[in-house]
Amino acid sequence: MFFKQLRSLTLQKNITLILKSRVKNFKSSKVKTMGVIFDYEAYHDYDFFRALVNDFGLGYNNIQFISMIGMEKDKPNSWDAFFSMESFDWLGRPKSAEIDEFTHKPFDVLISYYKSNKLELNLITAQSKANFKIGLSNDDPRLHDFTLDIEPKDTDIFKIELTKYLTQLNRL
């Protein structure tokens, strides 16, 4: 109990420190790479994102997924990257190579496709070196550069709105 509270406090502190030091240096170039982070228990339709990337004219090798699962033993048999609460030490620091690889990759766009306010998801979103961050959650407006307030199950609306706004921003 004590360690969970300590982990939550340190995760929130880490998120705040990262967001305070973030320099927003947007490139106006076209989207070539995309990262997607999501809560596997709430939504896990990879095919939707692959079709979205295909519609944007990107190859499947230009998208990378990472998702949060409940427990490490529940990890699905897949080639995509997963993490759980067990992937963080008691001070809230990530101890997974998959998390490090994902957060250090300079994506043109990062899509945080989750509505829940889970500190682990927020930390990875904050740590990401993505140029432009798009999210569904409005819980912490500092996390994302652009927020679409829709439910994760409304994929058609998300696709329409994302395409519309990326086109207006001259990113597609």
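Per numbering that gives the first Met the number 0, the sequence shown starts with residue 0, numbered consecutively.
The C-beta atom is built at its ideal place from N, Cα and C for all residues, glycine as well.
Element boundaries [alpha helix (DSSP H), containing residue i]
i, result
"LYS132", "LYS132 -> not in any alpha helix (DSSP H); beta strand (DSSP E) instead, spanning 131–134."
"TYR45", "45–54"
"LEU57", "Element bounds for LEU57: n/a, residue is neither H nor E."
"ILE159", "154–167"
Residue range of the beta strand (DSSP E) that includes residue i
i, result
"PHE82", "80–82"
"ILE36", "33–38"
Under the three-state DSSP convention, the category residue i falls into
i, result
"VAL22", "coil"
"SER7", "helix"
"ASP99", "helix"
"SER207", "No answer is possible for residue 207: it lies beyond the span of the chain, which begins at 0 and ends at 171."
"ILE149", "coil"
"ILE17", "helix"
"SER86", "helix"
"ILE123", "helix"
"PHE2", "helix"
Rounded C-alpha distance that separates residue i from residue j
i, j, result
"GLY56", "PHE87", "36 Å"
"SER7", "ASP79", "26 Å"
"ASP38", "TYR112", "8 Å"
"HIS103", "PHE1", "31 Å"
"TYR164", "ASN130", "16 Å"
"LEU109", "LYS26", "14 Å"
"LEU18", "GLU97", "21 Å"
Closest Cα partner of residue i within the set the options
i, options, result
"LYS31", "ALA96, GLU100 and ASN61", "ASN61"
"SER136", "THR146, LYS128, ALA129 and ARG6", "THR146"
"GLY69", "TYR45, GLY91 and GLU40", "GLU40"
"SER115", "GLU150, SER27 and PHE64", "GLU150"
"PHE157", "LEU16, PHE48, THR15 and VAL22", "PHE48"
"ARG42", "PHE64, LEU168 and ASP144", "The residue you asked about is not Arg; residue 42 is Tyr in the sequence shown. Considering only alpha carbons, the answer is PHE64."
Proximity of residue i and residue j at Cβ, strictly below 8 Å
i, j, result
"LEU120", "MET67", "yes"
"PRO105", "LYS132", "no"
"TRP89", "LEU5", "yes"
"ILE36", "LEU122", "no"
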